[in-house]
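Chains as they are written, first to last, in this note's numbering: chain S, 161 to 451; chain L, 161 to 451.
Here a beta-carbon is modelled for each residue, glycine too, at the ideal position from N, C-alpha and C.
2 protein chains.
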Amino acid sequence: MKIHDQYRERVNSCLDSYLSSIPSSPNSDIELRDIMKYSVLAGGKRFRPILTYTVASLFDSEIEKTDSCACAIELIHIYSLIHDDLPAMDDDDIRHNQPANHKVFGEAHAILAGDGLQALAFSIISSDPLIDADIKIKLIDILSSSSYTMAEGQLIDLSVVSKKVDINILKQMHQKKTGALLNCSIKLGAVLHNANENDVSILESFANHLGLAYQIQDDVLDVTTPDNLLGKRQNSDAVKNKPSYPSIIGLDDSIKTFKNLYQNAIDELSHLSVKSDPLRLLTNRLMSRTF
Amino acid sequence: MKIHDQYRERVNSCLDSYLSSIPSSPNSDIELRDIMKYSVLAGGKRFRPILTYTVASLFDSEIEKTDSCACAIELIHIYSLIHDDLPAMDDDDIRHNQPANHKVFGEAHAILAGDGLQALAFSIISSDPLIDADIKIKLIDILSSSSYTMAEGQLIDLSVVSKKVDINILKQMHQKKTGALLNCSIKLGAVLHNANENDVSILESFANHLGLAYQIQDDVLDVTTPDNLLGKRQNSDAVKNKPSYPSIIGLDDSIKTFKNLYQNAIDELSHLSVKSDPLRLLTNRLMSRTF
């Protein structure tokens, strides 16, 4: 099994056992835990946790120490998807090839599931016995500010619907909405193992290129990939009148732009004080992803 | 000025300066910061921060150290009110004598404001330079699990609408929906100053009595207090077919029950290793509140 598949299996199993360990709430018709599980265990690429595990592996081989950060970042990501899919937000009914959370449990339950997941993300790090308190505080500081920035990004996303916008506004939106959490996935893996400031700053620069590349690539794949591979509706940006890189600069230039950004990201890695082959490999795989 | 009013002014001013310190987001039509400010600075009793300051004062006089916890607990409370008021949830249009957040900014923005506030609550503690890392981790652990329990309580609240329920289910709902966060306000104040385990456990027991008393009293006040004093609609429980203590055991028995619970709470305080006069005074004031 390839290392990225191992990381994916690992975070899936950690998420399952973490959510299953939440005590059931007597007298409830339905458990918040189960509403969250429906979305958390629906699959997904687990790209953020894979990034965290990969970056952490550059600095330390003790994989158990990375589990709580890998789970926390995915819980924040899933909470944002549940809230983004709500009728008042992006109004999407399919996610990861299954009905969106609110289509199954109703809007109120979906709002609460997102709220609960955000709280759990902080809880899973604060209660991890393997990490020192001073490191945990740094991790929570990064996670909480990234989670806030992501909400700001979603606000910009809502404000640009049906508008002709400048490529810079789109870039800023992507940096906040998607970039902040990708950046966070990468930083958590480094800070967890007390990486030196210079390495953290190189990884931040790597993350900024990678995050924008990933999102422009998402815009491109939204146009070129069929529903069943995307796990959601094709052409959702165009259908919703959302500006995207292809709609502003065209498909070919968008592809060129994201490939350049991936290359810039890879170039950064040579400056790290540690060997970065696993991260370079992952970046190359991302560049050639088809969904 | 009475000490509780001083605490209220203090937390109002800390919340204002904290939210105002969030950098503005260029290219946004509207700032997430301003949507949050609308609800956070709308007033309110600030009962939770007052509890945190009061408990903290029993153990230490250094009030600056309590500011971040006082703000964090209020941010979690306000986020829950914004989400509870949404049409998909309790569908309330008035809060603190002004239109609910979603009535002014729309549902999507109100969801994001709640999400952002929850993230900020953790951020404000993790970034506080006055508190040691090991204490901060304990505080975040308590805050995150209370925030999760509160979401579970809201789920039960939604499930009991229009149902004939047992008083035990109502009690469990209150303990999760309101009790968890009140309990948290009290524990934060003690843990912040490294109170010994015995004192923390006495305060937990105090908090359990106080939390239930407060909520039953809320049920009573919902029936007996006019809109303008409540800051929201009178009789909202009955209008929404929500079971409440008065609807199950009657108004007189509900009043007796909450008064007894306040007395039980006060009785606990005599076992503390520190002088508890300020907390006794606050409890007595709560017992006689009229809104």
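By the DSSP assignment, the alpha helix (DSSP H) with residue i in it spans what residues?
{"i": "residue 226(L)", "result": "Run containing residue 226(L): none; DSSP gives neither H nor E here."}
{"i": "residue 406(S)", "result": "405 to 409"}
{"i": "residue 438(L)", "result": "437 to 447"}
{"i": "residue 360(L)", "result": "357 to 384"}
{"i": "residue 188(S)", "result": "Element bounds for residue 188(S): n/a, residue is neither H nor E."}
{"i": "residue 323(S)", "result": "Counting along the chain, residue 323(S) falls outside any alpha helix (DSSP H), and DSSP gives it neither H nor E."}
{"i": "residue 328(S)", "result": "327 to 334"}
{"i": "residue 313(L)", "result": "293 to 319"}
{"i": "residue 171(S)", "result": "163 to 180"}
{"i": "residue 397(L)", "result": "396 to 399"}
{"i": "residue 350(L)", "result": "340 to 351"}
List the whole-angstrom C-beta distance separating residue i from residue j, where the pair is believed to meet the contact cut-off of C-beta under 8 Å.
{"i": "residue 379(S)", "j": "residue 404(S)", "result": "4 Å"}
{"i": "residue 222(S)", "j": "residue 171(S)", "result": "Actually they are not in contact, since the Cβ atoms of residue 222(S) and residue 171(S) sit about 16 Å apart, beyond 8 Å."}
{"i": "residue 184(S)", "j": "residue 238(S)", "result": "About 21 Å; that fails the 8 Å criterion."}
{"i": "residue 255(S)", "j": "residue 349(S)", "result": "Wrong, their Cβ atoms sit about 26 Å apart, outside the cutoff."}
{"i": "residue 336(L)", "j": "residue 313(L)", "result": "3 Å"}
{"i": "residue 320(S)", "j": "residue 402(S)", "result": "7 Å"}
{"i": "residue 381(S)", "j": "residue 282(S)", "result": "That belief does not hold up - the Cβ atoms of residue 381(S) and residue 282(S) are roughly 32 Å apart, past 8 Å."}
{"i": "residue 175(S)", "j": "residue 201(S)", "result": "7 Å"}
{"i": "residue 424(S)", "j": "residue 369(S)", "result": "4 Å"}
{"i": "residue 300(S)", "j": "residue 316(S)", "result": "Between residue 316(S) and residue 300(S) the Cβ distance is about 25 Å, and since that is not below 8 Å, they are no contact."}
{"i": "residue 193(S)", "j": "residue 182(S)", "result": "4 Å"}
{"i": "residue 249(L)", "j": "residue 268(S)", "result": "5 Å"}
{"i": "residue 421(L)", "j": "residue 373(L)", "result": "4 Å"}
{"i": "residue 261(L)", "j": "residue 270(L)", "result": "4 Å"}
{"i": "residue 297(L)", "j": "residue 296(S)", "result": "5 Å"}
{"i": "residue 216(L)", "j": "residue 353(L)", "result": "6 Å"}
Segments of 4+ residues assigned as alpha helix (DSSP H) that fall wholly inside the region 216 to 286 of chain S = 227 to 244, 261 to 265, 267 to 286
request  = Give the residues from the region 312 to 329 of chain L that approach chain S closer than 7 Å (Cβ to any Cβ), ordered along the chain.
outcome  = 312, 314, 315, 316, 318, 319, 329
inquiry  = Using a Cβ-Cβ cutoff of 8 Å, what residues of the region 348 to 381 of chain S are near chain L? List them in chain order.
reply    = Answer in chain order: no residues at all.
inquiry  = Against chain S, which members of the region 248 to 272 of chain L pass a CB distance test of less than 8 Å?
reply    = 248, 249, 266, 267, 268, 269, 271, 272
ask   = If you measure beta-carbon to beta-carbon, which residues of the region 287 to 301 of chain L are closer than 7 Å to chain S?
value = 287, 293, 294, 296, 297, 300, 301
request  = Return the residues of the region 180 to 200 of chain S that lie within a Cβ-Cβ distance of less than 9 Å from chain L, sorted by chain order.
outcome  = 182, 185, 186, 187, 188, 189, 190, 191, 192, 193, 195
ask   = Taking one C-beta from the region 260 to 274 of chain L and one from the region 207 to 222 of chain L each time, how about it: are there three or more such pairs within less than 8 Å?
value = no
request  = Identify each residue in the region 228 to 243 of chain S for which the Cβ-Cβ distance to at least one residue of chain L is less than 7 Å, and report them in chain order.
outcome  = 243
ask   = Quick check: the region 329 to 346 of chain L against the region 301 to 309 of chain L, are there 3 or more CB pairs under 8 Å?
value = Enough Cβ pairs lie closer than 8 Å, so yes.
ask   = At a Cβ cut of 7 Å, what residues of the region 403 to 434 of chain S count as close to chain L, listed as they run along the chain?
value = Answer set for the region 403 to 434 of chain S: empty.
inquiry  = Check whether the region 222 to 231 of chain S and the region 285 to 296 of chain S touch, using three or more Cβ-Cβ pairs below 8 Å as the test.
reply    = Taking a cut-off of 8 Å for Cβ pairs, the region 222 to 231 of chain S and the region 285 to 296 of chain S touch, as three or more such pairs fall below it.
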